[in-house]
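Chemist: Supplied in structure tokens, the structure appears directly below.
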């Protein structure tokens, strides 16, 4: 018999088991986009489920499953994460009004789960998590006729899911070419295994400490336009207006803007996932339905190219220790390319609204494999983190040149002299940066008053070194 408390513990066990295999799943990720984050996305989705389960484990089964489904939808990340949330949403529908279920109920419940997941996807693709979930449901339907325990049904579900997972490379050429099974399907198998573990042993699988050696990734193929048709994975939640109604018009409006679209209307909120080249247009359309929350936009082309670079670096022998290295913070491929061309050994991704931590800077410093490291923060909000990293480093000597903008960073790196000593370089780089005046042009997104000037929404603003100097139309 399955009740609310047991389902809550099963969910926590499943989330932990999935997280313990997160890197392995990331390594398999080649479809629909080879951006290497399926394990991370599914793990974050299941962590939301686990948190909801732990907060509601004393409730009846139908209420626990509903809260888990809502928690998953709000925390859902990526294509597989959103589909996973819909599987549990379908389970919640199948368990509606049930305070406990028996083995014989599980077939119909899993059939409803798969129906919900397939219904959320505009163009379902076989050979993915959908196919594996369908196989698990088939296992549940057959087991419901001759298994007397819920654990027995889940054991059959795991067997069916595993067998189908092994066949996914024959269904999707990309998987066969990379020599992997579907990452989302693998994640679902780990989730089912985690649930079965609790059912059979009455114990929750514990989260393991991160391993020092992540799973080896298949070498990513060189990027082609066919691989990533739309560049930005765009996800967010709409907090619906009271009169927002249904989302069919919104779906029709954004469907031509991309692919892998999932729009889930969950009464008070709407979860949106789409791959698009125009995330701004999608967000603008969504504002008609209500306020936006948990906005996440990832550049999948950048992620894929980073995977190529990392796999190539992993194949090469470690570079000999060098006398010095310059680390530069930069946001975007263009600025990163400029800093590399000028001599930066490593780029730390970051900038305004996306500040790297001291730990991120230390990690880059370790990879630099140098005796002396110069860090260019290129943003006033990152200078303190860079200085903290310098204080924490026990190996190489880290020296921070307190650049507050990319132009200052460019001036500083231009002044660097490989033949000069550390003190001379620091003085020259700081002096070069200090003489730079940075100008920016942007526009106002709302009405405001700043430094005695009235600023209207849509006005252009001229900014010098962070201070607004002029506004106008």
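Residue numbers (our numbering): 10 to 482. Idealized CB from N, CA, C, for every residue including glycine.
1. Examine the Cβ distances between the region 107 to 124 and the region 10 to 19 and report whether three or more of them are shorter than 8 Å.
2. What are the boundary residues of the alpha helix (DSSP H) that residue 390 is part of?
3. What whole-angstrom Cβ distance do residue 338 and residue 385 have, given they're in contact under 8 Å?
4. Give the range of the alpha helix (DSSP H) segment to which residue 93 is assigned.
5. Quick one: is residue 165 buried, meaning 16 or more other Cβ sit within 10 Å of its Cβ, or exposed?
6. Excluding sequence positions up to five away, which residues of its chain have a Cβ less than 8 Å from the Cβ of residue 444?
7. Could I get the ranges of all uninterrupted alpha helix (DSSP H) runs contained in the region 111 to 179, with 4 residues as the minimum, in chain order?
8. Please report the straight-line C-alpha distance between residue 38 and residue 147, rounded to a whole angstrom.
9. To which residues does DSSP link residue 278 through a beta bridge?
10. Kindly list the residues whose CB is nearer than 7 Å to the CB of residue 163, restricted to its own chain and excluding five residues on each side of it in sequence; keep chain order.
11. Smallest Cα separation from residue 356: which of 340, 367, 364, 141?
12. Just grab the DSSP bridge partners of residue 302 for me.
13. Output yes or no for whether 9 Å exceeds the beta carbon distance between residue 184 and residue 245.
14. Identify whether residue 11 lies in helix, strand or coil by the three-state DSSP scheme.
15. Going by DSSP, what residue range makes up the beta strand (DSSP E) through residue 374?
16. Exposed or buried, residue 440, counting other C-beta atoms within 10 Å across all chains shown (16 or more means buried)?
17. Should residue 25 be labelled buried (16 or more other beta-carbon atoms within 10 Å of its own) or exposed?
18. Does the region 254 to 272 come within contact of the region 68 to 77, defined as at least 3 CB pairs closer than 8 Å?
19. Nearest by alpha-carbon distance to residue 250: which of 401, 261, 274, 53 is it?
20. Which same chain residues end up closer than 7 Å to residue 171 when comparing Cβ atoms and leaving out the 5 residues on each side of it in sequence?
21. Note down the Cα distance separating residue 364 from residue 347, rounded to an integer number of angstroms.
Modeler: Working from what's here:
1. yes
2. Locating residue 390 in the chain shown gives position 381, where the first residue counts as 1. Here residue 390 belongs to no alpha helix (DSSP H), and DSSP marks it neither H nor E.
3. Within the chain shown, numbered from 1, the residue matching residue 338 stands at position 329. Within the chain shown, numbered from 1, the residue matching residue 385 stands at position 376. That belief holds up - the Cβ atoms of residue 338 and residue 385 are roughly 7 Å apart, short of 8 Å.
4. One-based indexing of the chain shown puts residue 93 at position 84. Counting along the chain, the alpha helix (DSSP H) containing residue 93 begins and ends at 87 to 103.
5. The residue you call residue 165 lines up with position 156 of the chain shown. Under this definition residue 165 is a buried residue.
6. Locating residue 444 in the chain shown gives position 435, counting from the first residue. Contacts found: 420.
7. 115 to 129, 138 to 155
8. For the purposes of this step, residue 38 is identified with residue 29 of the chain shown, where counting begins at 1. For the purposes of this step, residue 147 is identified with residue 138 of the chain shown, where counting begins at 1. Their Cα atoms are separated by approximately 25 Å.
9. Here residue 278 refers to the residue found at position 269 when the chain shown is read from its first residue. Bridge partners of residue 278: 248, 275.
10. Position 154 of the chain shown, counted from the start, is the residue given in the question as residue 163. For residue 163, where only same-chain residues beyond five positions count, the Cβ hits under 7 Å are 201, 204, 205, 208.
11. By 1-based counting over the chain shown, the position of residue 356 is 347. The shortest C-alpha separation from residue 356 is found at 340.
12. Locating residue 302 in the chain shown gives position 293, where the first residue counts as 1. For residue 302, which the question treats as bridged, DSSP gives the partners 246.
13. In the chain shown, the residue the question calls residue 184 occupies position 175. In the chain shown, the residue the question calls residue 245 occupies position 236. In this structure, residue 245 does not lie closer than 9 Å to residue 184 by Cβ.
14. Within the chain shown, the letter at position 2 stands for residue 11. In this structure, residue 11 counts as strand in the three-state DSSP scheme.
15. Working through the chain shown from its first residue, we reach residue 374 at position 365. Residue 374 -> not in any beta strand (DSSP E); alpha helix (DSSP H) instead, spanning 367 to 377.
16. Walking along the chain shown from the start, residue 440 turns up at place 431. Under this definition residue 440 is an exposed residue.
17. Translated into the one-based positions of the chain shown, residue 25 becomes position 16. The residue is buried, with at least 16 neighbouring Cβ atoms inside 10 Å.
18. no
19. To locate residue 250, count along the chain shown from 1; it is residue 241. For residue 250, the nearest C-alpha among the options comes from 274.
20. If you number the chain shown from 1, residue 171 lands on position 162. Within the same chain, residue 171 has close Cβ partners 198.
21. The residue you call residue 364 lines up with position 355 of the chain shown. The residue you call residue 347 lines up with position 338 of the chain shown. So the alpha carbons of these two residues sit roughly 20 Å apart.
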